[in-house]
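One structure is given here, and the rest of the page talks about it.
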Amino acid sequence: PEMRYGRQNDIKSLTTMRNGAAMIFGGRQLGKTTLLNETQRRFNNPDQRHHAYLYQIDGDLDRANLSGNELDKHRYRVWQLIYQSAVSSGLVKNSYPSDADGMVDELRAYFSRDNADALMVCLDEIDLTLGLDAANGFRIFRELSGLVNNSNGRFKIVIAGLENVRRFADAPNYPLHQLGSAIQVSIMSPAEALQLIREPLGHLGYEFESPLLVNRILVETNRHPGLIHIYCHELIKTLNARHSRRVGSVS
């Protein structure tokens with residue numbers, strides 16, 4: 380929804396394999412997952428040998444256990460998802476190695492080829508796994524960075540989350556900055572928010588009598604995309620209740 384109204388430069392950077400953005404952070408309900416979904420959708424083009432996958436990664440992490448055993452479990456899960464993506468794209472054989480090291484080796488061998496396809500894997504809700512990895516020397520993300528930087532620009536990992544992503548994104552002594560730059564998702568610009576309000580309502584045949592009414596919505600929602608959706612949804616319900624036909628109907 381709000382993807383049609385802004386963030387185009389962010390999408391372009393996220394879909395760039397070399398020197399593009401690879402991290403998204405921001406508060407809840409600001410559009411991080413929507414941005415990831417659109418990035419995956421636009422990049423994925425098997426006919427052009429471009430493959431993209433999106434996974435929720437929060438999982439069943441034991442928040443109280445920061446031990447190496449817990450790390451091994453989630454390290455295996457992360458690499459299993461990436462390997463599964465490569466299998467689904469036909470890049471590697473459908474025979475899973477027994478451990479994470481084996482999957483890493485297979486993926487390194489594939490991306491060392493001159494004619495490798497491009498693979499992008501997006502991991503949403505990464506904070507808990509990232510916090511666990513940070514407590515154990517960033518083993519997972521050092522391996523991910525190593526594969527990204529030795530894939531001839533054919534493998535990319537994109538992560539999204541809250542505080543931990545922001546905390547580690549730009550620190551030079553952490554491996555995350557080697558994945559790519561970071562994008563902070565915040566409230567929409569005034570122009571984008573106005574477009575998000577006016578255009579969908581305009582398609583339904585509604586216009587505002589005064590710009591002050593639109594500005595009131597901007598003030599009430601603080602240009603928060605999720606709140607704009609809720610506000611306009613309720614507005615349409617109210618307008619719909621005043622008419623004998625449903626809003627948008629043609630009969």
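Just so we're aligned: the sequence shown equals residues 380 to 630 in our numbering.
The C-beta atom is built at its ideal place from N, Cα and C for all residues, glycine as well.
In this text the structure is predicted, and so the values were computed from the model without any measurement.
Checklist entry - DSSP state of residue 404, grouped into three classes? => result DSSP places residue 404 in strand when its eight states are reduced to three.
Item to check | Three-state secondary structure (DSSP) of residue 514 | outcome: Of the three classes helix, strand and coil, the one that applies to residue 514 here is coil, per DSSP.
Next on the checklist: Taking a contact to mean a Cβ-Cβ separation below 7 Å, would you say residue 483 touches residue 473 in this structure?
Outcome noted: Not a contact, by the Cβ cut-off of 7 Å.
Checklist entry - Which residues bound the alpha helix (DSSP H) around residue 606? => result Counted as a single uninterrupted DSSP element, the alpha helix (DSSP H) harbouring residue 606 occupies residues 604–620.
Checklist entry - Could you check where the beta strand (DSSP E) with residue 564 kicks off and where it finishes? => result Per DSSP, residue 564 is one residue of the beta strand (DSSP E) stretching across 560–564.
Checklist entry - Name the DSSP beta bridge partners of residue 572, please? => result DSSP lists no partner for residue 572.
Checklist entry - If we count the other Cβ atoms within 10 Å of its Cβ and call it buried at 16 or more, is residue 519 buried or exposed? => result Residue burial is scored here from C-beta neighbours: residue 519 has at least 16 other C-beta atoms within 10 angstroms and is therefore classed as buried.
Next on the checklist: Which complete alpha helix (DSSP H) runs does the stretch 445–507 hold, if anything under 4 residues is left out?
Outcome noted: Within the stretch 445–507, the runs of alpha helix (DSSP H) at least 4 residues long that lie entirely inside it are, in chain order, 447–467, 479–490.
Next on the checklist: Please report the distance separating the alpha-carbon of residue 489 from that of residue 583.
Outcome noted: Computed Cα separation, rounded: 50 Å.
Checklist entry - Quick one: any contact between the stretch 415–424 and the stretch 474–481, if contact means 3 or more CB pairs under 8 Å? => result No: the two stretches stay apart, fewer than three of their Cβ pairs being nearer than 8 Å.
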